[in-house]
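The sequence shown stops at residue 99 when you use numbering that gives the first Met the number 0, and every number in between is there.
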Amino acid sequence: MNSQFPLDWRATPIFDILVHIGKTLGTRRLHPTILNELGDGINVIPNHKATLTHVSGKVLGRRKGYYEICVEGPNISGRWKFTSGDLELISSELAGASID
């Protein structure tokens, strides 16, 4: 794993979601238009609803926005925010990992 991100993403509840994002991206750059391609594919945690949204920097009154993964369900509920570069890098690194 990249030393820039010391967290082992394999041990997090959103690991499979990150893998799916990376596989959907392939060699492309992350862009808000990719969200349509992800569809329900990020709903990989049984009995949970997952969403990936992009919040524009314009909405925030700053130059850059962020991406947010939100998971809601009986066992896991949380929000993870990423810059576009971080989400692209992390998900691309994990794309070679298998979803079990």
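For glycine and all other residues, C-beta sits at the position ideal for the given N, C-alpha and C.
Everything numeric in this text was worked out from a predicted model, so none of it was measured.
- Residue 94 sits away from residue 43, with the two beta carbons spaced by 8 Å or more.
- A distance below 6 Å between beta-carbons, with the five flanking residues on each side excluded, links residue 55 to the following residues of its chain, in chain order: 64.
- Close CB contacts of residue 62 within its chain, under the 6 Å cut and outside five residues either way in sequence, are with 56 (chain order).
- Shown here for residue 69: same chain residues with a beta carbon closer than 6 Å to its own, the five before and five after excluded, namely 50, 78 in chain order.
- Leaving aside the five residues that flank residue 80 on each side, the residues in its chain whose CB is nearer than 6 Å to its CB run, in chain order, 65, 67.
- Residue 58 carries a helical assignment under DSSP once its states are collapsed to helix, strand and coil.
- Secondary structure note for residue 84: its alpha helix (DSSP H) is the uninterrupted segment 83 to 93.
- In the same chain as residue 71, and ignoring 5 residues on each side of it, the C-beta atoms closer than 6 Å to its own belong to 48, in chain order.
- The C-alpha of residue 83 is placed about 8 Å away from the C-alpha of residue 30.
- In this structure, residue 40 sits away from residue 91, with a CB-CB distance that is not shorter than 8 Å.
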